[in-house]
Structures are given as C-alpha cells and as structure tokens.
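Asker: Be aware that the sequence shown starts at 64, since it is given in our numbering, and climbs by one per residue. Let me give you the structure first, and then I'll get to my questions.
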Amino acid sequence: MEVESRIGSSLAALRRGAGLSRTELARLAGTPVSTVRGIELGAIEPPSVLVGRLTAAIASRLRDGPG
C-alpha cells in the first residue's frame, strides 16, 4: 500500500497545485471522481495508462491555465 499512498499524495499535491478540483481532474482525464478520490487516498493502484491521462490533464492545466 505504500506505493499507492505515494502515488496518491503526489497526485493530490499536483492537482491542487494546478488549481483543479477532483471533479475537474476526473472530467479532464475521463475517469470517475470516485477513482480520483480512491487514488489520492491510496485505496486504488491506478494502471499506468490512467496515470498518464491524469498527469497529462494536470500538465495541460499548468501549461494552458484554467479554462
């Protein structure tokens, strides 16, 4: 569970740093809010393809700004 916890805490910090809510990140990544919440809480180990979609959504927000 330690890996899931580190992934989750990193995801939450990046999401907050990008000014995204869990709902916004889920929408941008095409995944349910419950999945984002579960990852951030360390309850779900996300597949690499989902990690890629989540990080791409965060990077896009950081690069392009809100909107």
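Using N, Cα and C, we set each Cβ at its ideal position, and we do this for glycine too. The model shown is predicted, which means the values in this text are computed figures rather than measured ones.
Using the three-state DSSP reduction, which class does residue 65 fall into: helix, strand or coil?
Answerer: Residue mapping note: residue 65 aligns to position 2 of the sequence shown, counting from 1. DSSP places residue 65 in helix when its eight states are reduced to three.
Asker: Can you tell which of 80, 88 and 82 has its C-alpha closest to the C-alpha of residue 115?
Answerer: Here residue 115 corresponds to residue number 52 of the sequence shown, with the count starting at 1. Measuring from the Cα of residue 115, the nearest candidate turns out to be 88.
Asker: Looking at the unbroken alpha helix (DSSP H) that takes in residue 86, where does it start and where does it end?
Answerer: Along the sequence shown, read from residue 1 onward, the residue named residue 86 stands at position 23. Note, residue 86: alpha helix (DSSP H), 85-92.
Asker: Does the Cβ-Cβ distance between residue 75 and residue 92 come in under 7 Å?
Answerer: Sequence index remark: in the sequence shown, residue 75 carries index 12 (1-based). Sequence index remark: in the sequence shown, residue 92 carries index 29 (1-based). Against a cut-off of 7 Å, the Cβ pair of residue 92 and residue 75 comes out as no contact.
Asker: May I ask which residues mark the beginning and end of the alpha helix (DSSP H) holding residue 128?
Answerer: Taking the sequence shown and counting its residues from 1, the one referred to as residue 128 is at position 65. Premise fails: residue 128 is in no alpha helix (DSSP H) and is neither H nor E.
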